[in-house]
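Asks:
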Amino acid sequence: MIRMGGGFVRSEAALETERYGLVISRRLQVTVLSIAAFDDREQLVALLSGAMGTPIPDPCRSSTGRGVVLLAYGPARWLAVAETVEGSERLRALALACRPYAAVVDQSHGWVCSRITGPRCRDVLAAGSSIDIRPTSFLAGHCAATALGKISVLIHALPAQNAFDIYVPRSYAHDLAGWMLRALATVQN
Amino acid sequence: MQPLYDGLIATSQNHWPSLRLDLWRANDYLSPIFPAGFYNKTFMRPAGAWRIYEKVIRRAAGLGTAPQESDPDTYGHRYTHCDVLVVGAGPAGLAAAVAAAQAGVDVMLVDEREEPGGSLYLDRRVINGRATREWVAEQIGGLSSERGVRVMPRTTAFGFYDHGWVALLERVVDRHGDNTAQVPRQRRWLVKASRVVLATGAIERPLVFAGNDLPGVMLASAARRYINQYGVAPGRRAVVFTNNVDGYRTVFDLLEAGVEIAAVVDARTQVEASFRERLEKEGLRVLSRHAVAAAAGGRELRRVEIREIDEDGNALAGSKIFCECDLLCMSGGYSPSLHLHSQAGGKIEYDAELTAFVPGSTRQAVATAGAAAGAFGLAECIRQGAASGTAAAGERIRRTAVDAPAVCDDEPPWSIRPLWLVTGGAGKRFVDFQDDVTVADLALATRENYSSIEHVKRYTTLGMGTDQGKTSNLNGLAIVASISGRSIPAVGTTTYRPPYTPVALGALAGLDVGENLDPVRRSPLHEWHDRAGAVWIQAGLWMRPRAYPKAGETFEEAWRREVLTVRRSVGLCDVSTLGKIDVQGPDAEDFLARVYCNAVEKVAIGRCRYGLMLREDGVLLDDGTVARLDSQRFYITTTTSNATKVMSHLEFLAQAVWPRMRVQLASVTEQFAQIALSGPRSKQVLSRMLKQEFDDATLPHLGVLSATVLGVGVNVFRLSFCGELSYEISVPADHAETIWKQLLQLGAEDGIEPYGLEALGSMRIEKGHVAQPELDGRCTPGDLGLQRLVSRQKSFVGRWLLDRPQMSGAARKSLAGLTSVDSKTPIRSGAQLVPDGSLRPPLSTVGHVTSATNSPTLGYPIALAMLEGGIGQLGRRLIAVSPLSGEAVAVTVVAPQFYDPDGRRLRA
């Protein structure tokens, strides 16, 4: 295993796939909370926005602030992801503050985040997801709850070109990695 | 279409023993007894012999041989989106793509052939002063320079679905089983296009006359493709038979290629003067108002019989002209390819002037251009294509300057005389060349009162070959119209269904084949189980340990040992696969009160309850537990198999049925591993782990305890599925293995062992607990002996339909226990229960075995069953019959609780 920046590790096998235009790295040490508003959405949005110092994203968009990434994956539903230790602490404090307005559930152990990069990664995503993944449509900061093959995932487009974080339910993570490698073989010409 | 390549083995079919000596030709003479639907009439007796007949008939029909091996190729799937999808890269499609690309939108241009150009390669035409091949290259070059344009030859659009989704099949490589290139053989695309332009062209129709299937008889456009695209002369001496202006292109191209023209036969009365003059210069005369009545020959065409025809197209007697030839080119007009238009929900209309169906109104964002829209002139095709491309680009036009209209070489206006059938000649007149449907077959179907064209199709197999009637359908329905005295529009067409051309099943399956058919879910303890040598079983999508055999131990010995370990001491089981849902909110209690049929809402903080959930129709949906973590927060569990179904059910209720309730649901199945610690020594092991003694007051039966173990927060639920004192420990998934190992270590002095699904299943049967085999979507709480749990004090999902008379009563099957009479013979799950007595069929069943085990605890076979009368039948002898395995076991009905019926052990 090779440790990369940003809390990601890459296996030797993953490096091999780089030849074919895709690198899969497993993310470590992130805190993930799901936040779903009960009814008073405005209060909740104000709270989240204040804590993060950025506007709350529209559905299928994300925002980043103070070490926390907020992914709006459904109506009044967000996945809050801490990228740093400080962000995790801030997130847990935020969770307590949100309690009157939202169901806040720790999903840090439930979601596995894989980062995929490389010139073929959009092709691999397009092999399994029906969303419009074109660079002109799915821009940095966009996110979408969709399926890759038969596996439900949350895709987040990162600022770097051809880089995505893929959040997948833990039990499917092993299978999804295999699926991506098989899909990689089918997108070659 | 399968392109040829080195190493391809291609053989002819529909002959025996060889093509040269084909004994199947006897069928030509026996055809009077093989008319349409003959196998429904002729091969009726003896009834059992049909299987033999069918094999012979299928072989004679030339349906090919299905491969016995698995497909060696790989196939890919791909989704994509675009602004404009153009299907067909002929003149109209190219013009549409260029126009849309010039407007600055994302364009996909797909074409089924090897290279773009479509019908342009058929003919020697001139566009804007250049040969068509140059014009095509120029258009493709222009498209290549535009951003956001994808040109995909070798790609067939085979289906048009709702919401603008179009299915494509891309042929990446032609060779079967060659994976050296590390690319898929084919790729299936699903394209979501904002607008679609269909430039799918038109297909030439054959003419229907006697002997029209002889080798050497071909479509006029096919002859042109041989000459102009492949440089092959298709014959030496040719007759061209046409009913339209287009046939003359073939005449002139044959002349250019040095093929002798024996005759030009035109069904029309008026022949274009320019054609007549040009032919006269060649010393040829056009036989206008004539038709080929018959073609004759053996293995190849030798001559044709030409006759003058009357106003109705009937051959006149006494006007025979015989003409020697080895090639007959026929052109019966063109049928626009309406398949995708129709699949998209578009209407079709009959155009009598074109003698063809053309596209009508649409209900999707789709336009048709060129020959597919009935425009058979080249300049008009290009004009329509460009207009459609511009229109499809909509308001995103980047450049207003569009190319000037294309100037093409002169062509006379379209002209055709309807000629659906030529009478007079002797021999079979084929309508469907692929399925060997003749005019006589259609006449027979009409005589036998098949009036709907859909019924005629199925009775005669007209259009049921792999080409789905592309060349035959219009001829066929026109002939049916003529025979039945109806108009062509009144007869109508059959339904255009995907796929447009055959698609390999592998291309539809993509990556979802073999062991990758479905995803596999792994528990957080998967690696530990694997290292421990677990025998795996797939439970839904989950991989679960079935047992942990030790060295030298059989699987049977392993799980029986595991059962006895739990019954005597303590065992550990991974139950992480249970569905787990976090339910939160001010209305969470009210929500759960409406969802469960028993009073789970009354559960106190720090306690849990068994819960039953019904469907709207009163049938049991699932069972599980409900734990209250605080006043507004619950942690509920579901069965493994119903976890997804229950989550969807609850989300639907929360979002659609009671949207104003302030409650939110989150699946935490993945967040928490769950470990069952079971057995009479489990309390001691748990005490060691929690580093505290506790009693029933601290953690009573159905109690919940939160604790910290090795720095990890866990919840302990005192629940039992196996019938022993038992605790289920909920652990954040990353820490599951740490806690699991800790329990194994702390329980070592008590002989703790892991146990798998087989032991768990056996113990729950001994205890009489129901699981998925009993919760089969047909039973009510009363059927399972749980009626006492159903609240009469509240309303809940399924309550009112549960009160239907049919949902209760002695006639319903309800839960009962079974033991084998000899206490030795195993009882098989799924066996049908029949009254004791003769086993001679027919037998009426009174129930079925749902779950069975050879109980390690009791030492004899036991089973649970759903039985008419249920435990009201105690002591009755029945026979458990398994027709598939041929087993019959005498059983006795007993109570379904075989072990610790009072529940003393789990409360110990």
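Residue numbers (my numbering), protein chains in the order written: chain A, 1 to 189; chain B, 1001 to 1908.
Just so it is clear, CB atoms sit at the ideal spot from N, CA and C, and this is done for glycine as well.
#1: Determine the chain B residues that contact A:Asn189 at a beta-carbon separation under 8 Å, and present them in chain order.
#2: Return the chain-ordered list of same chain residues with a C-beta closer than 8 Å to the C-beta of B:Ser1641, the five sequence neighbours on each side being excluded.
#3: Can you give the Cα-Cα distance for A:Ala185 and B:Arg1185, rounded to whole angstroms?
#4: Along the alpha helix (DSSP H) that carries A:Leu44, what are the first and last residues, could you check?
#5: Less than 8 Å between C-beta atoms, sequence neighbours within five positions excluded: which residues of the same chain meet that for B:Ser1791?
#6: Is it the case that the Cβ atoms of B:Val1570 and B:Arg1681 are separated by a distance below 8 Å?
#7: Given this structure, state the Cα-to-Cα distance separating B:Glu1380 from B:Ala1263, to the nearest angstrom.
#8: Looking at C-beta atoms only, is the number of pairs between the stretch 1081-1099 of chain B and the stretch 1375-1392 of chain B that lie closer than 8 Å three or more?
#9: Which value, in whole angstroms, describes the spacing of the CA atoms of B:Leu1190 and B:Gly1201?
#10: Classify B:Gln1102: buried if its beta carbon has 16 or more other beta carbons within 10 angstroms, exposed otherwise.
#11: Does A:Arg26 come within less than 8 Å of chain B when only Cβ atoms are used?
#12: Do the stretch 1576-1590 of chain B and the stretch 1738-1749 of chain B make contact, defined as three or more Cβ pairs closer than 8 Å?
#13: Apart from the five residues on each side of it in sequence, which residues of its chain come closer than 6 Å, Cβ to Cβ, to B:Phe1252?
#14: Please compile the residues from chain B whose C-beta is within a distance smaller than 7 Å of the C-beta of A:Asp165.
#15: Determine the extent of the beta strand (DSSP E) in which B:Thr1565 is found, giving its start and end residues.
#16: I want to verify the contact list: residues of chain A whose CB lies under 8 Å from the CB of B:His1649, in sequence order.
#17: According to DSSP, B:Phe1241 sits in a beta bridge with which residue or residues?
#18: Please list, in chain order, all residues of the same chain as B:Thr1845 whose beta carbon is under 7 Å from its beta carbon, the five residues on each side excluded.
#19: Chain C partners of A:Asp132, CB-CB under 9 Å?
#20: Chain A partners of B:Pro1519, CB-CB under 8 Å?
#21: When you compare each of B:Gln1434, B:His1526, B:Gly1485 to B:Pro1545 by their alpha carbons, which one comes out closest?
#22: Could one say the Cβ of A:Gly110 lies closer than 8 Å to chain B's Cβ atoms, at least one of them?
#23: Pick helix, strand or coil for B:Asn1642, following the three-state DSSP scheme.
#24: Spatial neighbours of B:Ser1631 within its chain, please: CB distance less than 7 Å, with the 5 preceding and 5 following residues excluded, ordered by chain position.
#25: Do you know whose CA, among B:Gly1088, B:Arg1224, B:Val1245, lies nearest B:Pro1412's CA?
#26: Step through the CB atoms of chain B and report whether any lies within less than 8 Å of the CB of A:Val105.
#27: Should A:Ser114 be flagged as near chain B, meaning a C-beta pair shorter than 8 Å?
#28: By how many angstroms is the C-alpha of B:Ala1666 removed from the C-alpha of A:Ala183?
#29: Starting from B:Ser1274, trace the alpha helix (DSSP H) in both directions and tell me its first and last residue.
#30: Which one of A:Arg122, A:Ala102, A:Arg134, A:Arg61 has the shortest CA to CA distance from A:Gly21?
#31: Following the continuous alpha helix (DSSP H) through B:His1339, name the residue where it begins and the one where it ends.
#32: Whole angstroms is fine: what's the gap from A:Leu71's alpha carbon to A:Thr117's?
#33: Would the stretch 1361-1377 of chain B and the stretch 1192-1199 of chain B be scored as touching if the rule is three or more Cβ pairs under 8 Å?
#34: Taking the C-alpha atoms as reference points, what is the distance between B:Leu1505 and B:Trp1016?
#35: What does A:Ser194 touch in chain B if you count any residue whose Cβ is under 8 Å from its own?
#36: Would the stretch 1228-1245 of chain B count as touching the stretch 1111-1128 of chain B if we require 3 or more Cβ pairs under 8 Å?
Replies: In short, the structure shows the following:
#1: Among the residues of chain B, those whose CB is under 8 Å from the CB of A:Asn189 are Val1172, Val1183, following chain order.
#2: Ala1539, Gly1540, Gln1772
#3: Using only the alpha carbons, I get a separation of about 11 Å.
#4: 41-52
#5: Cys1597, Asn1598, Ala1599
#6: yes
#7: 31 Å
#8: yes
#9: 22 Å
#10: buried
#11: No, no contact with chain B.
#12: no
#13: none
#14: Near A:Asp165 there are no residues of chain B at all, since even the closest Cβ is about 17 Å away, more than 7 Å.
#15: Secondary structure note for B:Thr1565: it is in no beta strand (DSSP E), and the uninterrupted alpha helix (DSSP H) holding it is 1555-1568.
#16: Those do not exist, as B:His1649 stays about 17 Å from chain A at its closest Cβ, beyond 8 Å.
#17: B:Val1265, B:Met1330
#18: Gln1832, Leu1833, Val1834
#19: Reference to chain C is not applicable here, since the protein chains of this structure are A and B.
#20: In chain order: Gly149, Lys150, Ile151, Tyr172, Asp175, Leu176, Trp179.
#21: B:His1526
#22: yes
#23: coil
#24: Ile1605
#25: B:Val1245
#26: Interface with chain B (8 Å Cβ-Cβ cutoff): A:Val105 is included.
#27: no
#28: 30 Å
#29: 1273-1281
#30: A:Arg122
#31: 1339-1343
#32: 19 Å
#33: yes
#34: 29 Å
#35: Past the edges of chain A, shown from 1 to 189, lies residue 194 of chain A, and the structure says nothing about it.
#36: yes
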